[in-house]
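Take a look at the structure set out below.
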Amino acid sequence: MFARAMASAHHPILAQIVPIRRCNLACTYCNEFDKDSAPVPTLEMLRRIDKLADLGTAIVTFSGGEPTLHPDLDALIRRVRDRGAIATLITNGYLLTPTRIRGLNAAGLDYLQISIDNVQPDDVSKKSLKVLEKKLRWLAEYATFDVTINSVLGSAIAHPEDAYQIAVRARELGFNSTVGVLHDGSGQLQSLT
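Numbering-wise, the sequence shown is residues 213 to 405 according to the working numbering.
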């Protein structure tokens, strides 16, 4: 499916869709969330997914906020898959349980990116190996989709060297590892120092 998508330039390759702006965390560097937005109504999300499918979009990524807070996320993922696109998800991982992971499997999720910024939680980011280790083991045991651990690098991150230890742990679990550079609210890269 991915090869077919890349072979044609006459449709969107990837679209990110936000089912909810709310997040269960408040990482100080993040500008992609608020604390009280309601989920986008499911029927509206389904219309948006159908429009993306009509355009021939090859990959639909659910981001946020924290997309696992949307009560009908599995149905949204299923709709993406039923319409012939690859379904991906970006999450902080806090709400993952074995049952939740099995639900994502059943919905047809192709790929999940979990964000982990440090080894120990700090005032900037609670997304740490220490906090999320159990969730990572569950992903390794139950997920039938591909998993990548992404670490954010930038001046707000107190211990950027943690990205290496996070990458090593990702590989130990059979996951991929990436890093992202911090950006501001207008999408401009922030300084690494």
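For glycine and all other residues, C-beta sits at the position ideal for the given N, C-alpha and C.
Contact under 8 Å by Cβ, residue i with residue j
i           : j           : result
residue 300 : residue 329 : no
residue 224 : residue 251 : no
residue 305 : residue 347 : yes
residue 259 : residue 248 : no
residue 361 : residue 326 : yes
residue 226 : residue 273 : yes
residue 303 : residue 279 : yes
residue 221 : residue 265 : no
residue 320 : residue 293 : yes
residue 375 : residue 393 : no
Run of the beta strand (DSSP E) containing residue i, from where it starts to where it stops
i           : result
residue 358 : 358-365
residue 393 : 388-393
residue 227 : 226-232
residue 326 : 323-327
residue 272 : 271-276
Cα-Cα separation, residue i to residue j
i           : j           : result
residue 349 : residue 263 : 36 Å
residue 311 : residue 318 : 11 Å
residue 380 : residue 335 : 24 Å
residue 291 : residue 389 : 28 Å
residue 277 : residue 229 : 11 Å
residue 364 : residue 267 : 32 Å
residue 270 : residue 373 : 35 Å
residue 377 : residue 315 : 30 Å
residue 324 : residue 257 : 19 Å
residue 382 : residue 371 : 18 Å
residue 282 : residue 384 : 31 Å
residue 275 : residue 339 : 16 Å
Expected contact under 8 Å - CB spacing of residue i and residue j to nearest Å
i           : j           : result
residue 351 : residue 308 : 7 Å
residue 359 : residue 342 : Actually they do not touch by this definition, with Cβ atoms about 18 Å apart.
residue 288 : residue 261 : 6 Å
Short CB-CB distance (under 8 Å) between residue i and chain C
i           : result
residue 363 : No chain C is present in this structure, which holds just one protein chain.
Span of the alpha helix (DSSP H), counted from its first residue to its last, around residue i
i           : result
residue 266 : 254-266
residue 352 : 341-354
residue 332 : From DSSP, residue 332 is part of no alpha helix (DSSP H); its letter is neither H nor E.
residue 374 : 374-384
request  = Identify every run of the beta strand (DSSP E) within the region 280-318, keeping only runs that are complete inside it and at least 3 residues long; order them along the chain.
outcome  = 298-303
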